[in-house]
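Chains A and B are the protein sequences, given in the same order.
Positions 485 to 598 (the numbering used here) are the ones given, in order, by the first sequence.
Positions 18 to 130 (the numbering used here) are the ones given, in order, by the second sequence.
All C-beta atoms in this analysis are idealised placements derived from N, C-alpha and C, irrespective of residue type, glycine included.
First comes the structure, then the notes that go with it.
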Amino acid sequence: DAGVTQSPTHLIKTRGQQVTLRCSPKSGHDTVSWYQQALGQGPQFIFQYYEEEERQRGNFPDRFSGHQFPNYSSELNVNALLLGDSALYLCASSPGRWDTDTQYFGPGTRLTVL
Amino acid sequence: AQSVAQPEDQVNVAEGNPLTVKCTYSVSGNPYLFWYVQYPNRGLQFLLKYITGDNLVKGSYGFEAEFNKSQTSFHLKKPSALVSDSALYFCAVIMGGGNKLTFGTGTQLKVEL
Numbered sequence: 485d486a487g488v489t490q491s492p493t494h495l496i497k498t499r500g501q502q503v504t505l506r507c508s509p510k511s512g513h514d515t516v517s518w519y520q521q522a523l524g525q526g527p528q529f530i531f532q533y534y535e536e537e538e539r540q541r542g543n544f545p546d547r548f549s550g551h552q553f554p555n556y557s558s559e560l561n562v563n564a565l566l567l568g569d570s571a572l573y574l575c576a577s578s579p580g581r582w583d584t585d586t587q588y589f590g591p592g593t594r595l596t597v598l
Numbered sequence: 018a019q020s021v022a023q024p025e026d027q028v029n030v031a032e033g034n035p036l037t038v039k040c041t042y043s044v045s046g047n048p049y050l051f052w053y054v055q056y057p058n059r060g061l062q063f064l065l066k067y068i069t070g071d072n073l074v075k076g077s078y079g080f081e082a083e084f085n086k087s088q089t090s091f092h093l094k095k096p097s098a099l100v101s102d103s104a105l106y107f108c109a110v111i112m113g114g115g116n117k118l119t120f121g122t123g124t125q126l127k128v129e130l
């Protein structure tokens, strides 16, 4: 049973560019959440997708957007990249969107903005 | 606003000794509490969670955590530490309205021979 997978593993972009990160949830999971982990900090919630809709959003600007596909996979898009967007981006999936559902994380995508 | 605090940036323990990684929370109502572990350049691995019921929760790799409502704490424990337990540990909380995790700042655990 494959766990949560993310691609690419690493990515280098320059300021002002746009980036798309991808996530495939664990088998049987229909909810995908995205987190940003800056160096030396805990992960920060970006948003959550369920039934192809954004259900919850953290304190991130509109430059951060996402999508969920019918097969439950998801994309995170970041426009107009800033140096401060450099971070590890983590995708997590869960079997539902309830408070008690455990979220399982992928290995992350390391984004470096130069 | 809900939050968790991990008061120690680093914990050092000798292999074979018991370990404790501290976490306190601040939420209104009943919290759902989680522990995750992160190895270098890796994602987070789920260890255990407290939802309701028995205050002592057992999890993966021999870890356990004790929920203490009066002290608003959820400390992670292991009776006998291994060198392979050396990693970054995160406490997290969910409080109502969907399962958005709010994480602490993390505690680096170093287990030495």
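Excluding the 5 residues flanking G123 of chain B on each side, which residues of the same chain have their C-beta closer than 7 Å to its C-beta?
Within the same chain, G123 of chain B has close Cβ partners Q23, L105, Y106 and F107.
Just to make sure I have the definition right: I need the residues of chain A whose C-beta is within less than 7 Å of the C-beta of L126 of chain B. Which are they?
Within chain A, no residue comes near L126 of chain B; the closest Cβ sits about 15 Å away, beyond 7 Å.
Counting only Cβ pairs nearer than 8 Å, list the residues of chain B close to D585 of chain A.
The answer, in chain order, is N116.
According to DSSP, simplified to helix, strand and coil, what is S577 of chain A?
Residue state, collapsed to three classes: strand.
Express the C-alpha separation of G70 of chain B and F544 of chain A in angstroms, rounding to a whole number.
Computed Cα separation, rounded: 35 Å.
List the residues of chain A whose Cβ lies closer than 9 Å to the Cβ of F120 of chain B, in chain order.
By Cβ distance, chain A contributes Y519, Q521, Q525, G526, P527, Q528 and F529.
Which same chain residues end up closer than 6 Å to V30 of chain B when comparing Cβ atoms and leaving out the 5 residues on each side of it in sequence?
Cβ within range, chain order: L36, A98 and V128.
Quick check on G60 of chain B: buried or exposed, where buried means 16 or more other Cβ atoms within 10 Å of its Cβ?
Buried, by the Cβ-count rule.
Which class does Y533 of chain A belong to by DSSP, given the choice of helix, strand or coil?
It is a strand residue.
So, is the C-beta of G542 of chain A closer than 8 Å to a C-beta in chain B?
Yes - at least one Cβ of chain B is within 8 Å of the one on G542 of chain A.
If you reduce the DSSP assignment to three classes, tell me which class V100 of chain B lands in.
Reduced to three states, the DSSP call for V100 of chain B is helix.
Under 6 Å Cβ to Cβ from F91 of chain B, same chain only, skipping five residues before and after it: list those, please.
Excluding sequence neighbours, F91 of chain B sits near C40, L50, A82 and F84.
Who are the Cβ neighbours of Y588 of chain A in its own chain at under 8 Å, not counting the five residues just before and after it?
Hits under 8 Å: G487, V488, K510, H513, A576, S577 and S578.
Taking I496 of chain A as part of the beta strand (DSSP E), name the residues at either end of that continuous run.
Residues H494 to K497.
Could you run through the region 558-591 of chain A and flag, in chain order, every residue whose CB is less than 9 Å away from some CB of chain B?
The region 558-591 of chain A vs chain B, Cβ under 9 Å: L572, L574, C575, A576, S578, G580, R581, W582, D583, T584, D585, T586, Q587, Y588, F589, G590 and P591.
Do we get a CB-CB distance below 8 Å when we pair Q552 of chain A with the residues of chain B?
So no, Q552 of chain A is outside the interface.
CA-CA distance, V110 of chain B and Q501 of chain A?
Spanning the two alpha carbons is a distance of roughly 34 Å.
Can you give the Cα-Cα distance for I496 of chain A and S87 of chain B, rounded to whole angstroms?
Straight-line Cα distance between these residues: approximately 47 Å.
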